[in-house]
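These notes concern the structure reproduced below.
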Amino acid sequence: ATSSLPKTMKAVIIEKNGGTDVLQYKTDVPVPDLKDGEVLVKNEYIGINYIDTYFRTGLYPLPHSPYILGREGSGTIAAVGSNAPKDLEVGKRVVYMGQYAYAEYTPVTSTYCVPIPDAVETKIAAASCLQALTALTLIREAHPVQKGDWVLVTAAAGGVGLWLCQLLKAVGARTIATASTPEKRELAKTNGAEVLVEYHEEDREKFTKQVLDITGGEGVAAVFDSVGKATFDACLASVKRKGSMVSFGNASGAVTGFTLGRLSAKNVKLLRPTLFNYVATRDEFLHSADELWSFILKDNLNVKIHEIYPLKDVVRATEDIESRKTTGKLLLKP
Ligand code: NDP
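full-length UniProt numbering runs 1 ahead of the 1-based position in the sequence shown.
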């Protein structure tokens, strides 16, 4: 089933890895065809995620070239491919995760496409999906956080970071948050963090000592670290005996050369999880999305949108997230 579709669309394509100059905003990109099980979404909002920069720089390999970046969006279904689930019909308001989101129209695997409840705004859905589900699966599955646990969160005022602060508060954990400016750290606090620490990039031992002092010398039950290279060692040193070191991102560069023997000092569990291996089937996605809507609506969680940029301003938006001056979610609007 198809509503009347144009032949071409606006989209941001890249043909090679590089700086933000490889992001090409075009107005004549062919509207994609659908494969079995896919639906075509007319995007109203497109979510920017830090992972988009990894694909652009080459930290993660480009799946093909030319390529359209972007891994989530929300809007309405414009066409339905064969064998799509019954709840995905033309005109339905949906949010999805997948690929090719920096565009007017995106072909979406129905596994990761779900109707948005009436009570949730379309932009809130795009601002929540991937980052919130990441935070949710981290605290439920990577390290099932218990009430009263001390937890350390880095980049705590970022997209995933603010979700972690709020969800950890909602489940009764005690969060130590770090971020690069006093304003960002304060924002983490208004979103649920209990204690704030500086990164102390010039003196990592000072950072660890602060965390140990806060936790009575023990260390935290879990670290959720997305900064990677620059913070990994200080974070690992801040985990308590039998705690979890959850490294889920590389904003400062990838962690390399880790020697397994280091874990034996405290019997620490080390994880490097991805959302897509916690949420891999449509049932898992629907279940996680339900839990997310319930947090947003019943626990009244605050979805902080940094800015909604026109799609043609993709370079400015990307430079903003990479320059560490954003808080919460960046959205693009086609
Ligand atoms: P954010 O909004 O958190 O932006 C990235 C943040 O990283 C910055 O704001 C900055 O916060 C911090 N940062 C630290 N060092 C650097 C650096 N050298 N350059 C740039 N930024 C730096 O982005 P997202 O919420 O989209 O993603 C957060 C992290 O979570 C990313 O690392 C991402 O890859 C990861 N992630 C992993 C997933 C998974 O499945 N494993 C899924 C989703 C996200 P500050 O200045 O306060 O340090």
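Just so you know, even glycine gets a beta-carbon here, dropped at the ideal spot from N, CA and C. All of these numbers come straight from a predicted model, not from anything done at the bench.
- The straight-line gap separating the alpha-carbon atoms of Arg94 and Asp291 is approximately 15 Å.
- DSSP places Pro116 in the uninterrupted beta strand (DSSP E) bounded by Cys114 to Pro116.
- Collapsing the DSSP output to three states places Glu73 in a strand.
- Here the alpha carbons of Phe296 and Leu35 stand approximately 33 Å from one another.
- If you check the C-beta of Gly74 against the ligand NDP, you find no heavy atom less than 7 Å away.
- In terms of Cβ geometry, Pro33 and Pro116 do not form a close pair [threshold 8 Å].
- At least one heavy atom of the ligand NDP lies closer than 7 Å to the C-beta of Thr275.
- In this structure, the straight-line span from the alpha carbon of Phe259 to that of Pro335 is close to 42 Å.
- The DSSP-derived three-state label of Val212 is helix.
- Going by DSSP, Pro183 is part of the alpha helix (DSSP H) stretching over Pro183 to Thr191.
- Bounds of the beta strand (DSSP E) holding Arg94 are Arg94 to Met98.
- DSSP, read as helix, strand or coil, puts Gln25 in strand.
- With 16 or more other Cβ atoms from the protein chains shown falling within 10 Å of its own Cβ, Ala80 counts as buried.
- By the Cβ neighbour-count rule, Gly19 is exposed, with fewer than 16 other Cβ atoms within 10 Å of its own.
- In this structure the segment 248-265 does not touch the segment 163-182; the number of beta carbon pairs closer than 8 Å is below three.
- In the DSSP secondary-structure assignment, Pro108 is bridged to Leu41.
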